[in-house]
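Novice:
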Amino acid sequence: MARTVWNSTVGKKTVMAVSGLVMLLYLVAHMIGNLKIFFGAGEFNHYAHWLRTVGEPFMHYEWTLWLIRVVLVVAVIAHAVSAYQLSRRDIKARPSKYVHRKPRASYATRTMRWGGIILALFIVWHLLDLTTGTVHSGGFETGKPYQNVVDTFSTWYGNTIYVVAMIAVGLHIRHGFWSAAQTLGVGSRTRDRALKTTANALALLLTAGFLAVPVGVMTGVVS
Amino acid sequence: MKLTLRVWRQKNADADGAMSTYEVDGISPDMSFLEMLDTLNEELILSGEDPVAFDHDCREGICGACSLVINGDAHGPERTTTCQLHMRSFADGDTIDVEPWRASAFPVVKDLVVDRSAFDRIIEAGGYITAPTGSAPEAHATPVPKPDADFAFEHAECIGCGACVAACPNGAAMLFTSAKINHLNVLPQGAPERETRVLDMVAQMDEEGFGGCTLAGECATACPKGIPLTSITGMNKEWLRATRKAGRR
Ligand code: HEM
Ligand code: SF4
Ligand code: FES
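Top to bottom, those sequences are chains A and W.
For the first sequence, this note's numbering gives the first residue as -9, with consecutive numbering after it.
For the second sequence, this note's numbering gives the first residue as 2, with consecutive numbering after it.
1. Is the Cβ of Lys186 of chain A closer than 8 Å to any Cβ of chain W?
2. Taking 7 Å as the cut-off, is the CB of Leu201 of chain A close to at least one heavy atom of the ligand HEM?
3. Taking only beta carbons into account, state which residues of the segment 92 to 120 of chain W come closer than 8 Å to chain A, listed in chain order.
4. Compute every distance between the C-beta of Arg117 of chain W and the non-hydrogen atoms of the ligand FES, then say whether any falls below 7 Å.
5. Run down chain W in chain order and give the residues with a C-beta less than 7 Å from the C-beta of Leu25 of chain A.
6. Quick one: grab the DSSP three-state call for Trp9 of chain W.
7. Note down, in chain order, every chain A residue with its Cβ under 8 Å from the Cβ of Phe154 of chain W.
8. Return helix, strand or coil for Met37 of chain W, following the three-state DSSP convention.
9. Would you call the segment 121 to 130 of chain W and the segment 202 to 213 of chain W touching, i.e. three or more CB-CB distances under 8 Å?
10. When burial is assigned at 16 or more other CB atoms within 10 Å of the CB, is Pro101 of chain W buried or exposed?
11. Return the Cβ separation of Thr99 of chain A and Ile157 of chain A in integer angstroms, given the expectation that the two are a contact with Cβ distance under 8 Å.
12. How about the segment 26 to 46 of chain W and the segment 79 to 93 of chain W: do they share at least three Cβ pairs that are nearer than 8 Å?
13. Could you confirm whether any beta carbon from chain A is found closer than 8 Å to the beta carbon of Phe211 of chain W?
14. Would you check if the distance between the CB atom of Ala(-8) of chain A and the CB atom of Leu174 of chain A is smaller than 8 Å?
15. Please confirm whether Val12 of chain A and Val60 of chain A have their CB atoms less than 8 Å apart.
16. Chain A beta carbons: is any one of them nearer than 8 Å to that of Pro229 of chain W?
17. Go through its chain and collect everything with a Cβ distance to Val140 of chain A's Cβ below 8 Å, but skip five positions before and after it.
18. I need the straight-line Cα distance from His39 of chain A to Arg198 of chain W, nearest angstrom please.
19. Just tell me which of W:Phe120, W:Glu43, W:Ala217 has its CA closest to the CA of Ser169 of chain A.
20. Is it buried or exposed for Gly235 of chain W, if we count other Cβ within 10 angstroms and need 16 for buried?
21. Tell me, which residues are paired with Lys111 of chain W by DSSP?
22. For Asp98 of chain W, count neighbouring C-beta atoms within 10 Å of its own C-beta (all shown protein chains included) and say buried if the count is 16 or more, exposed if not.
23. Cβ atoms of Cys159 of chain W and Cys220 of chain W: under 8 Å apart, would you say?
24. DSSP three-state call for His36 of chain A: helix, strand or coil?
25. Identify whether Met175 of chain W lies in helix, strand or coil by the three-state DSSP scheme.
26. Is the beta carbon of Gly10 of chain A sitting closer than 8 Å to the one on His69 of chain A?
27. Just tell me which of A:Gln137, A:Phe167, A:Asn190 has its CA closest to the CA of Phe28 of chain A.
28. Which same chain residues end up closer than 6 Å to Gly163 of chain W when comparing Cβ atoms and leaving out the 5 residues on each side of it in sequence?
29. Quick one, which of W:Gly49, W:Leu47, W:Ile63, W:His76 has its alpha-carbon nearest Phe55 of chain W's?
30. Could you check whether the Cβ of Gly177 of chain A sits closer than 8 Å to any Cβ belonging to chain D?
31. Should Cys67 of chain W be counted as a contact of the ligand SF4 given a C-beta to heavy atom distance under 7 Å?
32. Compare the C-beta of Asn42 of chain W with all C-beta atoms of chain A and state if any pair is closer than 8 Å.
33. Flag Leu241 of chain W as yes if its beta-carbon sits less than 8 Å from any beta-carbon of chain A, otherwise no.
34. Could you check whether the Cβ of Asn237 of chain W sits closer than 8 Å to any Cβ belonging to chain A?
35. Can you pull the chain A residues whose beta carbon is under 9 Å from the beta carbon of Thr215 of chain W, in chain order?
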């Protein structure tokens, strides 16, 4: 069955939809967690520590966190590989353009592809910046995420990269959430409006929620 | 009406094509688009030139033979087939671009004619029922709930023209394939092949080199028969159901 799924355009799209929804679920949790920064360094850093001790004593220190990380890495790779393979196929299926161009024809497709590439680059930068500290501005301190976040959003490039990426996330989810419903066969004419409204609400909520943090730092609410 | 036409001319499948410009005069607004092209061809023939090749058959909007991307729209600016498009949809003095369907699964044969036999092979893969039909059965022999009958009829309207493929930024044949699958899968007559139909037709569609669906929605906007985008959702649902069932067996 795995072969049938992976070898079919419909199946590969299902892989995209499921992995996309897994990432979406994570993003909602991540966004809510981030908002704790508005309650001060103590609460935020404590929350970050808690993430490493969730599930104890059944789980060992950081086991739950690593489990989530593995699921996410699998989701990101499955999503990106399917996106790449499907996009290659799509471009091959329509090699010559019409002389008379209609720009609207590929709006959603183009934003998904460019948005996806932006998101992939962002994920790498974000991990190197705030997880490993490799490209962090100023002194990165493990276990002090509050201070690290403030450092990042005190640089113009940190803010720019982040704002662009969060707008990309919003656009991606706007088309992606509704698309995933169609891919998984749960969309219908009667549900269409509800699905589109949910997609828009989720997109807006995530973009606004994530952007609240850099805006907080920029305006001095968080420092 | 006097019009300037820019038409895709291509000698054969292997030749390079290009847009050629022609002037046509004395076009009546009540002519169909194809009659306008007939007028152009008469002039071309009289002046010893090769007439523009284009597909057509019924000229009643029911066979699906006519095609043409007109000013970037499959079947032109109205939501109908090219044979049912009238010149009153254009203004005197307009320049009109006429191109063939473009998709690697629909190679150009000549000028505006493309080879759509990939659709035939998708149908051969499962777009039929195996129950012996014979003469028309008694109407009440196999009851079909009204909503199912309506659903089947809506999808049965697909005339296999390929406008959906032409309009799709990915050259995907999802709308055509889903219309055929939904039409038969909802009916009791189509039930014995319900799973194999969707699996085989989707596999054949992929085999032919059509692209995948990114839900851009251009197909449903271009479809002269109003096959809805949710048709693809229905096909995905049938495909997932059939795949799960096959996995359990
Ligand atoms: C690695 C970075 C990413 C890349 C390269 C990427 C790329 C893409 C592309 C190209 C599509 C459209 C594919 C198609 O319609 O055929 C898509 C769809 C989608 N993406 Fe992403 N994306 C990425 C990250 C994300 C993230 C972080 C989320 C989580 C919210 C997400 C959620 C979705 C969803 C739900 C869909 C719809 C799937 C469907 O149409 O069934 N993506 N992605
Ligand atoms: S779905 Fe519509 S556009 Fe596509 S082949 Fe059928 S009638 Fe033509
Ligand atoms: S010629 Fe038959 S549908 Fe146009």
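Ideal placement from N, C-alpha and C gives every residue a C-beta, glycine not left out.
Since this is a predicted model, take the numbers as computed values, not measurements.
Specialist: In brief:
1. no
2. no
3. Asp98, Glu100, Arg103, Ala104, Ser105, Ala106
4. No - the ligand FES has no heavy atom lying nearer than 7 Å to the Cβ of Arg117 of chain W.
5. Think of a sphere of 7 Å around the beta carbon of Leu25 of chain A: no beta carbon from chain W falls inside it, the nearest being about 32 Å out.
6. strand
7. The contacting residues do not exist; Phe154 of chain W stays about 16 Å from chain A at best.
8. Helix.
9. yes
10. buried
11. By a beta-carbon distance limit of 8 Å, Thr99 of chain A does not contact Ile157 of chain A. Their separation comes to about 18 Å.
12. yes
13. Closer than 8 Å to the CB of Phe211 of chain W there is at least one CB belonging to chain A.
14. no
15. The Cβ atoms of Val12 of chain A and Val60 of chain A lie no closer than 8 Å to each other.
16. yes
17. Apart from sequence neighbours up to five positions away, the residues of its chain that approach Val140 of chain A with a beta-carbon distance below 8 Å are Val207, Val212, Ser213, ordered along the chain.
18. 54 Å
19. W:Ala217
20. buried
21. W:Val114
22. buried
23. no
24. Reduced to three states, the DSSP call for His36 of chain A is helix.
25. Under the three-state reduction of DSSP output, Met175 of chain W falls in the helix class.
26. yes
27. Ranking A:Gln137, A:Phe167, A:Asn190 by Cα distance to Phe28 of chain A puts A:Gln137 first.
28. Short of 6 Å from the beta carbon of Gly163 of chain W, and not among the five residues preceding or following it, lie these beta carbons of its own chain, in chain order: Trp102, Arg117.
29. W:His76
30. In the structure shown, chain D cannot be found, because the protein chains are A and W.
31. No, the beta carbon of Cys67 of chain W sits no closer than 7 Å to any heavy atom of the ligand SF4.
32. no
33. So yes, Leu241 of chain W belongs to the interface.
34. yes
35. For a Cβ distance threshold of 9 Å, residue set Lys3, Leu76, Ser77, Asp80, Ser96, Ala98, Thr99, Met102, Arg103, His165, Ser169 of chain A lies close to Thr215 of chain W, ordered along the chain.
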